[in-house]
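A.B. asks: Mapping the sequence shown onto the working numbering, position 28 (from 1) lands on 73, and the numbers just tick up by one.
Glycine included, each C-beta is placed from N, C-alpha and C at the ideal position.
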Amino acid sequence: MNHKDNLHNGKLYFPNDESIMEVQLQYLDKLYEFNQTRPSQLELRATMLKEMFAEIGKDCYIEPPFHSNWGGHHVHFGDSVYANFNLTCVDDTHIWVGSNTMFGPNVVLATAGHPLMG
Numbered sequence: 046m047n048h049k050d051n052l053h054n055g056k057l058y059f060p061n062d063e064s065i066m067e068v069q070l071q072y073l074d075k076l077y078e079f080n081q082t083r084p085s086q087l088e089l090r091a092t093m094l095k096e097m098f099a100e101i102g103k104d105c106y107i108e109p110p111f112h113s114n115w116g117g118h119h120v121h122f123g124d125s126v127y128a129n130f131n132l133t134c135v136d137d138t139h140i141w142v143g144s145n146t147m148f149g150p151n152v153v154l155a156t157a158g159h160p161l162m163g
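1) Can you say whether D74 is buried or exposed, counting buried as having 16 or more other CB atoms within 10 angstroms of its CB?
2) Starting from the C-beta of T146, find all residues in its chain whose C-beta is less than 6 Å away, skip the five residues before and the five after it, and write them out in chain order.
3) On a Cα-Cα basis, can you pick out the residue from S85, R83, Y106, G123 that is closest to A91?
4) Is the beta carbon of L76 sitting closer than 8 Å to the one on T82?
5) Among residues of its own chain, excluding the 5 on either side of F111, which ones have a beta-carbon nearer than 6 Å to its beta-carbon?
6) How would you call A155, buried or exposed, if buried means at least 16 neighbouring beta carbons within 10 angstroms?
7) How should Q86 be labelled, buried or exposed, when 16 other C-beta atoms within 10 angstroms of its C-beta is the threshold for buried?
8) Just how far apart, CA to CA, sit V153 and D136?
9) Along the chain, which unbroken stretches of the alpha helix (DSSP H) at least 4 residues long are found entirely within the segment 74-123?
10) Pick from F130, S113, P150, Q69: whose alpha carbon is nearest that of P84?
In structure tokens form, the structure reads like this:
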């Protein structure tokens, strides 16, 4: 098993592993592009979210800026999810959000954990 596999099984992984960083940087570049869109580019934003997220339902909207460790790649949204500006998803593994959910400004959804020294 490699570090990339350990992202989703709760085991310790090395985030600077080449196999992780190569893919993660591609997702973060896409996230950067999303955050640079103009307010009038609603269709482009919706298209980009479909490419960025693991799963995104219909009628979802995220107000940039949006922050995410993996650019939304491990995030699953149901239908009609609204997120105001500065939603942060620490999506080192999967995040699931049900339909008809609304997030106010500056909300953080975190799945990352850190080993404890014992």
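C.D. replies: So, to answer that:
1) Position 29 of the sequence shown, counting from 1, holds the residue named residue 74. Answer is exposed; the Cβ neighbour count stays below 16.
2) By 1-based counting over the sequence shown, the position of residue 146 is 101. The beta carbon of T146 sits closer than 6 Å to those of V126, all from its chain and outside the five residues before and after it, given in chain order.
3) Against the sequence shown, residue 91 aligns to sequence position 46. Check the Cα spacing between A91 and each of S85, R83, Y106, G123: the tightest is with Y106.
4) The sequence position of residue 76 within the sequence shown is 31, counting from 1. The sequence position of residue 82 within the sequence shown is 37, counting from 1. At a Cβ-Cβ threshold of 8 Å, L76 and T82 do not count as neighbours.
5) As a first step, residue 111 must be located in the sequence shown, where it is residue number 66. Excluding sequence neighbours, F111 sits near L132.
6) As a position in the sequence shown, residue 155 is number 110, starting the count at 1. It counts as exposed.
7) On the sequence shown, position 41 is the one that residue 86 refers to. Label assigned to Q86: exposed.
8) What you label residue 153 is simply residue 108 of the sequence shown in a count that begins at 1. What you label residue 136 is simply residue 91 of the sequence shown in a count that begins at 1. Rounded to the nearest angstrom, the two C-alpha atoms are 10 Å apart.
9) Whole alpha helix (DSSP H) segments, 4+ residues: 87-97.
10) Taking the sequence shown and counting its residues from 1, one reaches residue 84 at position 39. Comparing Cα positions, the closest option is F130.
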